[in-house]
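For reference, the structure discussed in these notes is given below.
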Amino acid sequence: MAAIRKKRLPRKEGIKIPAVEIEDVSYAVREKLILDGINLRIPSGELTAIIGPNGGGKTTLLRLITGQIKPSSGTVRVLGMKPEYARHRVGYLPQRSHFETDFPINVFQTVLMGAYRKLESYTDRDRERTLKWLERVGMLEYSDRKLDDLSGGELQRVFLARALVREPELLLLDEPTSSVDPAFQASFYNIIDELRGDVTIIVVSHDIGTVAQHVDSIACLNHRIFVHGTVEEALGCLEDAYSCPVELIAHGIPHRVLERHREP
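The numbering of the sequence shown is UniProt numbering, which starts it at 1 and goes up by one.
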């Protein structure tokens with residue numbers, strides 16, 4: 001008898017795998033629940049902000065996406081695979097880059113390190129990409145400068161270029177403009193706007209007024225997701241997410257001011 005062949009279903013064109021898909025994820029440390037039943041889907045190519053109070057689990061969520069830690073329960077998929085298998089396709093700018101600025105290394109070498117692969121030497125293509133991304137972030141003329149000669153904003157540009165030198169499909173930014181001047185904040189988000197469409201971007205930020213002008217969607221996180229939707233939908237949930245009264249004030253652009261939040 002001839003073997004029965006299974007009929008293949010036609011591929012649906014135009015359907016993209018989500019950049020990040022998190023289902024029923026919880027994470028606890030010493031029985032303290034940091035994340036509780038998180039469900040989050042980030043479409044490919046979008047710029048998404050994650051906002052919420054300190055200690056609400058924002059950085060923990062990014063660490064789950066990068067595969068640095070594993071969930072206590074639930075599943076995390078990054079670019080359609082387990083996070084540990086997607087690391088080479090993910091760029092990450094942590095809240096504080098652990099880098100000694102007095103280390104004898106220049107800007108070019110710092111960015112080139114982002115292309116490092118185990119047991120492989122740097123290639124001409126790696127060096128070309130390093131120059132490309134230094135130019136994109138406006139730091140090409142600083143290539144030979146030592147890190148301790150740079151301002152805080154200039155250092156962040158260098159570390160952004162390092163996160164991009166592998167040309168990742170997903171870019172994670174954890175408080176990228178904290179402790180820098182307003183002029184740098186504006187120029188930083190101009191760079192991010194230029195990347196839109198080429199890479200999926202997730203940015204953690206407290207500067208709600210600024211990110212709201214740039215992102216496609218906002219997720220409000222305080223141990224659990226209160227809402228993930230449009231800017232208008234997310235801004236409407238702030239008092240619930242922060243467990244405190246929220247007022248809108250103006251400093252040239254809309255900002256949200258958050259009073260000290262209650263412990264959930």
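Think of the CB as a built atom: it goes at the ideal place given N, C-alpha and C, for glycine as much as any other residue.
- Runs of the beta strand (DSSP E) lying entirely within the region 22-49 and spanning at least 3 residues, in chain order: 32-42.
- Excluding sequence positions up to five before and after Val165, its CB lies within less than 6 Å of the CB of Val111, Gly114, Ala115, Arg129, Thr130 and Trp133, all in the same chain and listed in chain order.
- Within the DSSP bridge table, the entry for Met113 names no partner.
- When C-alpha distances from Ile42 are compared across Leu35, Ile201 and Ser205, the shortest belongs to Ile201.
- Phe108 sits away from Ser73, with the two beta carbons spaced by 9 Å or more.
- With a contact defined as Cβ atoms closer than 8 Å, Val180 and Ala161 miss out at about 16 Å.
- If you compare the alpha carbons of Tyr27, Val76, Leu173 and Leu47 with that of Asp198, the shortest gap goes to Leu47.
- Note: Met81 is bridge-paired with Val78 in the DSSP secondary-structure output.
- Going by beta carbons, Val204 and Ser217 fall outside the 9 Å limit.
- Inclusion of Arg196 and Gly91 in the CB contact set at 9 Å is not warranted, their separation being larger than that value.
- For Gly152, the enclosing alpha helix (DSSP H) starts and ends at Gly152 to Leu164.
- Under DSSP, Thr200 forms a beta bridge with Leu170.
- Leaving aside the five residues that flank Ile69 on each side, the residues in its chain whose CB is nearer than 6 Å to its CB run, in chain order, Arg63.
- Spanning the alpha carbons of Ser187 and Val211 requires a straight line of approximately 13 Å.
- Assigned with DSSP and collapsed to three states, Tyr189 falls in helix.
- Taken through DSSP and simplified to helix, strand or coil, Lys70 comes out as coil.
- Going by DSSP, Leu221 is part of no alpha helix (DSSP H) but of the beta strand (DSSP E) stretching over Ser217 to Leu221.
- Under DSSP, His228 forms a beta bridge with Ala219.
- Gly209: member of the alpha helix (DSSP H) spanning Ile208 to Val211, first to last residue.
- Counting C-beta atoms within 10 angstroms of its own C-beta, Asn39 has fewer than 16 neighbours from the protein chains shown and is therefore classed as exposed.
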